[in-house]
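Note that the UniProt record's numbering gives residue 70 to position 70 of the sequence shown, counting from 1, and the numbers run on in steps of one.
Where is the CB? At the ideal position from N, CA and C, for every residue including glycine.
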Amino acid sequence: MGFVANGVLHLLIGLLALRVAAGDEQESTDTTGALQTLSGMPGGTALIWACLVGCAALALWNLGQAVWPADDGDRADRWKARGKAAGQAVVFAALAVVFGTYALGGTSDSAGSTSSLTARLMGHPADVVVLLLTGAGLVAMAGYYVVKGVTRRFRKDLRRASDPRVDRAVTALGTVGYPTKGLVLLTLGVLFLVSTATADPEDSTGLGGALQGLAAQPFGEAALGVLAVGLMLYGVYLMLRSRYEVM
Numbered sequence: 001m002g003f004v005a006n007g008v009l010h011l012l013i014g015l016l017a018l019r020v021a022a023g024d025e026q027e028s029t030d031t032t033g034a035l036q037t038l039s040g041m042p043g044g045t046a047l048i049w050a051c052l053v054g055c056a057a058l059a060l061w062n063l064g065q066a067v068w069p070a071d072d073g074d075r076a077d078r079w080k081a082r083g084k085a086a087g088q089a090v091v092f093a094a095l096a097v098v099f100g101t102y103a104l105g106g107t108s109d110s111a112g113s114t115s116s117l118t119a120r121l122m123g124h125p126a127d128v129v130v131l132l133l134t135g136a137g138l139v140a141m142a143g144y145y146v147v148k149g150v151t152r153r154f155r156k157d158l159r160r161a162s163d164p165r166v167d168r169a170v171t172a173l174g175t176v177g178y179p180t181k182g183l184v185l186l187t188l189g190v191l192f193l194v195s196t197a198t199a200d201p202e203d204s205t206g207l208g209g210a211l212q213g214l215a216a217q218p219f220g221e222a223a224l225g226v227l228a229v230g231l232m233l234y235g236v237y238l239m240l241r242s243r244y245e246v247m
């Protein structure tokens, strides 16, 4: 359920980004826009509750993996697995909070929240380091996603499907989806670094601002269209991952 919830989110963000690439400037291409779209669909509220439960469950499962890692490999491998599981637990816990906010009738503005937080941090010289580390961390994570997709290392996380055609489809979706997610994270990380270097918090407008800013560049709409399709394919991959993940 957690992987499906994450897949739904990426699928909707990709769909909204595709509409922006087609010329609809009113769309919000971030988690806020995705959940607003989802809540307006028939049965959308029930699906948001299901996504909340799924993300919370996956956060708890990853927390368990961080506390009680598998006995495979040496001590260094176990600590590496613990760190990865802990990071994923934080990510899915944050997603559960976002889904929970909408499930209970609340709303949030991702772009506004990001700019506001950045502005507050810029008011303290020591906190500028946090922003620089955040931007650098996003760039590093972007590289991780690109390399994992290009080298197809994600196959190690999956069981083989009984039908070779399904197996090839899952591999193709991951090969396209991972690098696309990496490019989106790279754009977001660069915006964080630029906003810190120029002392302009408006530059760090979150995922929605990053994608809409890309659309405003020369040939940006075409590039955004490609990223949008890639994000949608990554969303489908995450849904299939829920079936074939090695647990």
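Excluding five sequence neighbours on each side, which residues of the same chain lie with their C-beta closer than 7 Å to the C-beta of L185? The answer, listed in chain order, is L138, M141, A142 and Y145.
Does the stretch 157–176 come into contact with the stretch 235–246, if we say contact requires no fewer than three beta-carbon pairs (one atom in each stretch) closer than 8 Å? yes
Please report the distance separating the alpha-carbon of K156 from that of K84. 15 Å
From V166, V53 and R168, pick the residue whose C-alpha is nearest to that of A103; which is it? V53
Proximity below 8 Å, CB of L132 to CB of L193: Yes, Cβ-Cβ distance for L132 and L193 is below 8 Å.
Bounding residues of the alpha helix (DSSP H) (the contiguous stretch that carries F99): R75 to A103
Using beta-carbon positions only, say whether G2 and L63 come within less than 8 Å of one another. no
Please list the terminal residues of the continuous alpha helix (DSSP H) segment that includes T45. Element bounds for T45: G44 to V67.
Are the CB atoms of M232 and G23 nearer to each other than 8 Å? If you check the CB distance, M232 and G23 do not come in under 8 Å.
Please name the residue or residues paired with L158 in a DSSP beta bridge. E245
For T151, which of helix, strand or coil comes out of DSSP? coil
Hey, how far is the Cα of V150 from the Cα of G177? 10 Å
How many whole angstroms separate the CB atoms of P16 and C55, which I take to be in contact at a CB cut-off of 8 Å? Pro is not the amino acid found at residue 16; the sequence shown has Leu there. Between L16 and C55, the beta carbon gap of about 20 Å keeps them out of contact (Cβ cut-off 8 Å).
At least three beta-carbon pairs within less than 8 Å, the stretch 64–78 to the stretch 37–45: no
Where the alpha helix (DSSP H) containing G40 begins and where it ends: No alpha helix (DSSP H) holds G40; DSSP gives it neither H nor E.
Report all residues from its chain with a CB closer than 6 Å to the CB of N6; omit the five preceding and five following residues, and keep chain order. L238
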